[in-house]
Amino acid sequence: MSKHFVPENLPDHIQHYIDGKFVDSIGRETFEVLDPVSNQTYATAASGQTEDVDLAVAAAKHAFKEGPWPKMLPRERSRVLHKIADIVESRDDELAYLESYDSGLPITQAKGQARRAAENFRFFADLIVGQEDNAFKVPGRQINYVNRKPIGVAALITPWNVPFMQESWKLAPALATGNTVVMKPASYTPLSAALWPEIFREAGVPEGVFNLIFGSGGVAGDYLVKHPDVPIVSFTGDSSTGATISTAAAPQFKSLSLELGGKSPAVVFADADIEAALDATVFGVFSLNGERCTAGSRVLVQRDIYDDFVARFAERAKNIVVGLPSDPATEVGSLVHPNHFDKVMSYIEIGKSEGRLLAGGGRPDGFPTGNYVAPTVFADVAPDARIFQEEIFGPVVAITPFNTDEEALELANNTKYGLAAYVWTTNLKRAHNFAHAIESGMVWLNSNNVRDLRTPFGGVKASGLGREGGYRSVDFYTTQQSVQITLNESHSPKFGVEASRETGDA
Ligand code: NAD
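Following the working numbering, the numbering of the sequence shown begins with -8 at its first residue and continues without gaps.
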């Protein structure tokens, strides 16, 4: 096994970035940041309190009201966004090693995240230049048009899985549309988020437009969501946190976008291309360490092929290379944090009485420390099992047989979540009918999770509220004011005219 790799120039302290300056919390509060291989503290990070959030929001508000950003021509903002994309791309390797070190993601899967992040900026840079809005004419009488405007200070609250890429997903449309932002990344993974300030500075983003606050969700996140000068909140994370945020934001009627958890089904019919389905379903649950919101963590397999498919699936899982995140041979690295490791392990223990354990089931051999979990396969899992119903967010799969299309649909829809779904069949009619009947925000037919940035992204049921992606993001981060102009004389009924005649008033 290769040696634990520690990136060069690792910071030992990570600061907030407020109004163009790196700063600590006013009260000097910090939290510790662990690397998930040794679980040793390698850095401290400033821990934002309410007064720090106040400063960040004030800077963003000032930049929105007084600064050039919201008023710039789309082409000018677009140039800055393309420059951000260029810089992000040029730092792909550095970013990948930091991300892998901080989150435990295998290096081969961390590479390429910068390209995806850069692509988010390019996509919205192009979109705002081509942006068009409606105008409606009532011949000879009225013209009505849509005046699209940025909203103000956007709070962006992000999770720890593929953090840099997920941050870019929110930053790019929020900034492209002329808002200013305060971002609060997850406290498990602050390292890659700390790259943004330099990138934005170098690209020419004006001071105060981008502000970064580290800290706990319960303090910094909660206060940011409730802040009266923050009209818009985009959150990605756990469904229960989403519910808390929704309640916190409700009294002020904030615009809210919630990208939440999932327990997505991968449904394999007997007529499917079995090799392709096997590759995709194994990858679908074990890639990114299984720490993936759209993971196909429930695999539903038609009875005719069930025994064979399950045996082959388990065989593949046993052969998956678990190893140091920095080792290019590694397919599953270490989970992000000991707390998350404990959660995943507790589900594995629950699973042992709920399903037939065919692979994994605990720490892999040879890894006595660190947050390593062997890819774990449970077969014959009943739909009322907790490992069928609850999001584990680790390398653990529940496999369940079905006989008919109706039964498959019933199983697929039988959780509180509805984020993604994957369907494997060569029958075209079945594929579309099944896809339409599934309660999920997204469905992939005979495909792994491959994203087209123009398509809407989001979930139904406990998987979220609202859609981002393409024009939906532009809609979310802007307000559409409708403006009406009369082309003719104004025709208003003359209220009060008769009454004034009767009383003799003018
Ligand atoms: P989490 O909900 O614990 O934390 C997410 C963020 O919210 C963090 O920055 C956290 O500090 C903050 N936060 C926590 N409590 C808060 C509060 N009361 N007010 C404001 N902010 C608060 O989620 P996580 O463990 O970081 O991420 C994993 C979860 O995210 C999984 O459930 C996963 O499915 C989900 N996820 C969803 C998507 C999607 O697009 N649907 C994408 C990735 C991850």
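Each residue gets a CB set at the ideal place from its N, CA and C atoms; glycine is no exception.
How about L251: is its Cβ closer than 7 Å to a heavy atom in the ligand NAD?
Answer for L251: yes, Cβ within range of the ligand NAD.
Beta-carbon separation of F201 and W187 under 8 Å?
Yes, the Cβ-Cβ distance between F201 and W187 is below 8 Å.
Give the secondary structure of N439 by DSSP, where H, G and I count as helix, E and B as strand, and everything else as coil.
N439 falls in the coil class under three-state DSSP.
At a cut-off of 7 Å, would you count I236 as near the ligand NAD, judging by its Cβ distance to the nearest heavy atom?
Yes, the ligand NAD has a heavy atom inside 7 Å of this Cβ.
Determine the DSSP secondary structure at T203, reduced to helix, strand or coil.
Note on residue identity: the sequence assigns Leu, not Thr, to residue 203. Annotated three-state conformation of L203 is strand, per DSSP.
Just how far apart, CA to CA, sit Y413 and G233?
Rounded to the nearest angstrom, the two C-alpha atoms are 24 Å apart.
Segment contact flag, the stretch 120 to 138 with the stretch 94 to 112, C-beta cutoff 8 Å, min 3 pairs
Here the stretch 120 to 138 does not lie against the stretch 94 to 112, with fewer than 3 beta-carbon pairs under 8 Å apart.
For the beta strand (DSSP E) containing H7, name the first residue and the last one.
Unbroken beta strand (DSSP E) run through H7: H7 to I9.
Give me the residue from A163, E67 and A36 with the minimum Cα distance to A185.
Among A163, E67 and A36, the Cα nearest to that of A185 is on A36.
Inspect the CB distances between the stretch 26 to 33 and the stretch 317 to 331 and report whether three or more fall short of 8 Å.
Taking 8 Å as the limit for Cβ pairs, the verdict is that the stretch 317 to 331 does touch the stretch 26 to 33.
DSSP three-state label for G455, please.
Secondary structure of G455 (DSSP, three-state): strand.
Please indicate yes or no: does the CB of L147 lie closer than 7 Å to some heavy atom of the ligand NAD?
Short note on L147: C-beta not closer than 7 Å to any heavy atom of the ligand NAD.
Need the endpoints of the beta strand (DSSP E) that S473 sits in, please.
Here the beta strand (DSSP E) through S473 covers T469 to T477.
Could you spell out where the alpha helix (DSSP H) holding A37 opens and where it closes?
Here A37 belongs to no alpha helix (DSSP H); instead the beta strand (DSSP E) covers T32 to A37.
What's the C-alpha gap between I311 and R139?
Their Cα atoms are separated by approximately 50 Å.
Taking all protein chains shown into account, decide if A268 is buried (16 or more other Cβ within 10 angstroms of its Cβ) or exposed.
Result: buried.
Is there contact here, the stretch 357 to 368 with the stretch 254 to 262, by at least three beta-carbon pairs under 8 Å?
Three or more beta-carbon pairs separated by less than 8 Å are not found between the stretch 357 to 368 and the stretch 254 to 262, which leaves the two stretches without contact.
What I want to know is whether the C-beta of K175 ends up closer than 7 Å to one or more non-hydrogen atoms of the ligand NAD.
Within the cutoff, so yes.
When burial is assigned at 16 or more other CB atoms within 10 Å of the CB, is H482 buried or exposed?
A residue is called buried when at least 16 other Cβ atoms come within 10 angstroms of its Cβ; H482 does not meet this threshold and is exposed.
T285 versus L86, W435 and L162, residue with shortest Cα-Cα distance
Of all alpha-carbon atoms in L86, W435 and L162, the one lying nearest the alpha-carbon of T285 is that of W435.
Can you tell me the Cα-Cα spacing of G143 and F112, whole angstroms?
G143 and F112: Cα-Cα distance of roughly 19 Å.
Among the residues of its own chain, which have a CB less than 7 Å from the CB of E23, if the five just before and after it don't count?
Leaving aside the five residues that flank E23 on each side, the residues in its chain whose CB is nearer than 7 Å to its CB run, in chain order, T32 and T35.
Out of G287, N280 and A50, state which residue places its alpha-carbon closest to the alpha-carbon of A271.
Among G287, N280 and A50, the Cα nearest to that of A271 belongs to G287.
Alpha carbon to alpha carbon, how far is R19 from M174? Give it in angstroms, no decimals.
Straight-line spacing of the CA atoms in M174 and R19 works out to 19 Å.
Pop quiz: P342 and I390 are said to be a contact at Cβ under 8 Å. What is the actual Cβ separation, rounded to whole angstroms?
The question names Pro, but residue 342 is Gly in the sequence shown. With 8 Å as the limit, G342 and I390 do not qualify as a contact, their Cβ atoms being about 11 Å apart.
Quick check: the Cα distance between H161 and G487, rounded to an integer number of angstroms?
For clarity, residue 161 is Lys in the given sequence; the question names His instead. Distance between the alpha carbons of K161 and G487 is about 53 Å.
Does the beta carbon of W187 fall short of 7 Å from some heavy atom of the ligand NAD?
Within the chosen limit of 7 Å, the ligand NAD does not reach the beta carbon of W187 with any heavy atom.
Alpha helix (DSSP H) runs contained entirely in the stretch 125 to 184, provided each spans 4 or more residues:
Qualifying alpha helix (DSSP H) stretches, in chain order: 154 to 167.
Since L291 sits in a beta bridge, which residues does DSSP pair it with?
Per DSSP, V258 and T391.
Just to confirm the assignment, what range does the alpha helix (DSSP H) spanning W187 have?
Where W187 is concerned, the enclosing alpha helix (DSSP H) starts and stops at W187 to A194.
Is any non-hydrogen atom of the ligand NAD found closer than 7 Å to the C-beta of T406, if you look at the structure I gave you?
Of the heavy atoms belonging to the ligand NAD, none sits nearer than 7 Å to the Cβ of T406.
Consult DSSP for A411 and reduce its assignment to one of helix, strand or coil.
For A411, the three-state secondary structure derived from DSSP is strand.
Answer yes or no: do I148 and F55 have a C-beta to C-beta separation smaller than 8 Å?
Pairing I148 with F55 gives a Cβ-Cβ distance that is not under 8 Å.
Run through DSSP, which three-state label would E123 get?
Looking at E123 - three-state DSSP - the assignment turns out to be coil, as it is neither helix nor strand.
Please confirm if the stretch 287 to 296 is in contact with the stretch 379 to 389, defined as three or more CB-CB distances below 8 Å between the two stretches.
Taking 8 Å as the limit for Cβ pairs, the verdict is that the stretch 379 to 389 does touch the stretch 287 to 296.
Got a sec? Which residues, its chain only, sit under 8 Å from I339 by beta carbon, not counting five neighbours each side?
Only residues of its own chain outside the window of five on either side were considered, and among them G351, G352, G353, V364, T367 and V387 have a CB closer than 8 Å to the CB of I339, listed in chain order.
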